[in-house]
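Structure record follows, encoded as structure tokens.
As structure tokens, then:
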């Protein structure tokens, strides 16, 4: 409550200054505002210590002066990420980041939904279906046997296994064989090494992909049911991944984006790096945005504490999603607040993220929805990012059919900044951003 009081007091003081108070009151208010701002910055520094520089442990450096001492390098065009174990002084302005664990943010929260239509209550269904749009989903894999993904998946990649040639194992639908063949390969790997290459034992990736582009299953349908999916499995079955794994996965998307014409990337996960957006995961994700791709990421489920936006959602070029409750219309209590540690307003928007129905992976132990065992429900900003990705796929179809008069990212942000349903009618804030996304 104390932190919330500080935020509201700061906003009120700044408002008073702008409403023509007397000179004395202006100076007093300005002094209080500055004092509160110093308090806010001090709190940020205490909660978010800077990354350690140098040392002989494993570190990740963005755009190093040299790659000579790198154990591994990820090339994202204008950005290079180096993994090193040497005592290392990064180039001017660069930081050396410790290894971190990424995770898929979901929570047990909200009522059991009565009908799949609850997914659309805040947003509406929109006039487009994502036809002709390819969406990349980096997550825990997918249940490729699920009817919600019939004729939806283009390719599935995994960072958990490499082929004999050293390339990450992948499966091209309709080229490498049937679903039955894929299942046989996957089961063999599971029996030998304890992890499926492609199938989703966690259930998170299947749920997310279903929200985005699930084909009709009973009364359920995804937000962009005509979109195609490019799946990259980057997480273990417990829903966690190391930094190498997510960087490998983002590099796979980067390398295949032009070939497949990927227009939307869903990152329903993140890492608590206390970053200003300069960390390796955020920079890698933002490199996809440089290709004029809409990159959506989960803001996090850290609740009403400041400075808790996850990476890569923290980057200014990644669209960060907070969670709204479609049952109440309010912001979900678990949804992470901004600002960022460098005082930028995040999240960017909010989307439905409480008790969202979607596809249930048959490889997982998730509890099925009592009305249809092929479905399950979950809450979290993961679900919100998936809803946003589906809306983004709808917009990409609209954009392609309307003549591409400006970049996709510029057009999307301009559209939503004008049409999003705002909680705060005056400005973007650090709880709801610019409000609830609305499909075209």
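Residue numbers (the numbering used here): 13 to 452. Glycine included, every Cβ here is placed at the ideal spot set by N, Cα and C.
Here the C-alpha atom of residue 163 lies approximately 13 Å from the C-alpha atom of residue 236. For residue 204, the enclosing alpha helix (DSSP H) begins and ends at 191-205.
Residue 333 carries a strand assignment under DSSP once its states are collapsed to helix, strand and coil. As for any beta strand (DSSP E) of minimum length 3 sitting wholly inside the region 74-162, the runs are 82-88, 91-96, 113-115 and 146-151, ordered along the chain. One thing to note: residue 307 has its Cβ no nearer than 7 Å to the Cβ of residue 326. Rounded to the nearest whole angstrom, the C-alpha separation of residue 433 and residue 396 is 15 Å. Going by C-alpha positions, residue 239 is about 25 Å away from residue 378. Residue pairing for residue 219: DSSP places it in no beta bridge. Taking the C-beta atoms as reference points, residue 181 is found no nearer than 7 Å to residue 221. A Cβ-Cβ contact shorter than 7 Å links residue 402 with residue 234. A Cβ-Cβ contact shorter than 7 Å links residue 324 with residue 293. In the DSSP assignment, residue 169 is bridged to 182 and 244.
Here residue 118 is near residue 390, since their CB atoms are less than 7 Å apart.
A residue is called buried once 16 or more other Cβ atoms fall within 10 Å of its Cβ, and residue 231, having fewer, is exposed. The C-alpha of residue 109 is placed about 32 Å away from the C-alpha of residue 241.
Between residue 185 and residue 349, the alpha-carbon positions lie close to 40 Å from each other. For residue 320, the number of other beta carbons within 10 angstroms of its own is at least 16, and it is reported as buried. Listed as beta-bridge partners of residue 279 by DSSP are 309. Residue nearest to residue 446 within the set 189, 219, 310 and 361 is 361 (criterion: CA-CA distance). Assigned with DSSP and collapsed to three states, residue 326 falls in coil, not helix or strand. DSSP links residue 381 through a beta bridge to 384.
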